[in-house]
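Participant: This is the structure I have questions about; it appears just below.
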Amino acid sequence: MSERYELIRLLGKGGFGRVFLARFHGEAGFQKDVALKFLKPSARDNLDLIARLRDEARLLGLLKHRSIVQVDRLIRLRGAWVIVMEYVPGADLDTLMSGGPLPPGPALEIIYEVASALNAAYERTTPDGQPLRLTHRDIKPGN
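Each number in the working numbering comes from the position in the sequence shown (counting from 1) with 1 added on.
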């Protein structure tokens, strides 16, 4: 199998990781743009952060909602754990708001979608029927 990921550019940095736009190259010329979430190089040997990254991938992989980025898989790449996620082009809310407040209509649509996604995460159950009761602990326009 000749699958590989080509890093294209940095999309963002967070508390313990970085997210890159990458192009997945698969069999028979298949290509797909994805987002790859890596732990910061300084955290790659931190077992607690590795466990958190793996838990994040496992839990997000259970979620299906139009406003939640889909997790495709958890892989090892160049010796590091990496979450492979759907790439969603466009600007984050922080960037959209940099020119001033949004008009009421679009602002209400965004609020509705965020609330709907948070509710979906909270109400989701595991494959064996146990409630996840997930809460997001870092809601902000940059996310």
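Think of the CB as a built atom: it goes at the ideal place given N, C-alpha and C, for glycine as much as any other residue.
Sorted by chain position, which residues of the same chain lie with C-beta nearer than 7 Å to residue 88's C-beta, five sequence neighbours on each side aside?
Facilitator: 22, 34, 35, 36
Participant: Which parts of the region 81-125 are runs of the beta strand (DSSP E), unbroken and 3 residues or longer, counting only runs that do not cross its ends?
Facilitator: The region 81-125 contains these whole beta strand (DSSP E) runs: 81-87.
Participant: May I have the straight-line CA-CA distance separating residue 72 from residue 78, to the nearest angstrom?
Facilitator: C-alpha separation (whole angstroms): 16 Å.
Participant: Under a three-way DSSP split, which group does residue 134 fall into?
Facilitator: coil
Participant: Evaluate the contact criterion for the region 91-108 versus the region 46-54: three or more CB pairs, one atom per stretch, below 8 Å.
Facilitator: no
Participant: Find the nearest neighbour of residue 59 within the set 70, 75, 66, judged by alpha-carbon distance.
Facilitator: Checking every option, the nearest Cα to that of residue 59 belongs to 75.
Participant: Per the DSSP calculation, residue 32 is bridged to which residue(s)?
Facilitator: 26
Participant: I'd like to check one pair, residue 17 with residue 41: are the Cβ atoms closer than 7 Å?
Facilitator: yes
Participant: Going by other Cβ atoms of all chains shown within 10 Å of its Cβ, with 16 needed for buried, is residue 11 buried or exposed?
Facilitator: It is exposed - the Cβ of residue 11 has fewer than 16 other Cβ atoms within 10 Å.
Participant: Residues bridged to residue 13 by DSSP?
Facilitator: 20
Participant: Going by CA-CA distance only, name the one from 142, 4, 90, 124 that's closest to residue 28.
Facilitator: 4
Participant: May I ask which residues mark the beginning and end of the beta strand (DSSP E) holding residue 78?
Facilitator: First-last of the beta strand (DSSP E) with residue 78: 72-78.
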